[in-house]
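Notes follow the structure.
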Amino acid sequence: MSFRDLHVLVQFWSPVTVLKRCWLTTLDQPFGIGVVNKAFYSYRLESEQRMLPVDGNEHMIEELGSPGRVYHQKFPEWSLDIKGLPTSQNINDSTA
């Protein structure tokens with residue numbers, strides 16, 4: 032995988048079923064980093080620890096952020112700059 036911009040993180044969220052519920056996760060999914068740095072590494076590790084429920088009510092889609100919207104609407108999204116986003120709070124809003 033090659034990128035035009037070196038400062039990029041691409042990761043995939045995939046649905047998995049756990050205890051009869053559908054969740055989105057980045058764990059065991061492909062990802063790419065343009066250049067290895069601490070911020071991208073930390074962001075990726077936190078992403079792998081997060082699972083988002085996607086089998087709930089349709090009105091809750093916005094609460095799931097980008098991954099939830101992408102999953103339900105089947106339309107990809109991206110963010111050009113995540114530097115200003117607190118990772119633990121907005122991890123689901125910055126990449127899908």
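The opening residue of the sequence shown carries number 32 in our numbering; numbering runs sequentially from there.
Backbone N, C-alpha and C fix where the C-beta goes; we use that ideal spot for every residue, glycine too.
Write down the C-beta distance between residue i and residue j rounded to the nearest angstrom, noting that I regard them as a contact closer than 8 Å.
| i | j | result |
| --- | --- | --- |
| P98 | W44 | 4 Å |
| Y74 | L40 | 6 Å |
Between the C-alpha atoms of residue i and residue j, what's the straight-line distance to the nearest angstrom?
| i | j | result |
| --- | --- | --- |
| H103 | S78 | 19 Å |
| D36 | G65 | 7 Å |
| P107 | P46 | 15 Å |
| L50 | P84 | 12 Å |
| R155 | S110 | The structure shown does not extend to residue 155, since the chain is modelled only from 32 through 127, so no value can be given for it. |
In the structure shown, what three-state DSSP assignment does residue i receive?
| i | result |
| --- | --- |
| R52 | strand |
| F71 | helix |
| L58 | coil |
| S45 | strand |
Closer than 7 Å by C-beta to residue i: which residues in its own chain qualify, once you throw out the five before and the five after it? Chain order, please.
| i | result |
| --- | --- |
| P61 | F43 |
Looking only at its chain, what residues have a beta carbon closer than 6 Å to the beta carbon of residue i, apart from the 5 residues adjacent to it on each side?
| i | result |
| --- | --- |
| T57 | Q42, W44, S78, E79 |
Taking residue i as the reference, which of the options has the closest Cα?
| i | options | result |
| --- | --- | --- |
| H38 | R52, G63, T48, D59 | G63 |
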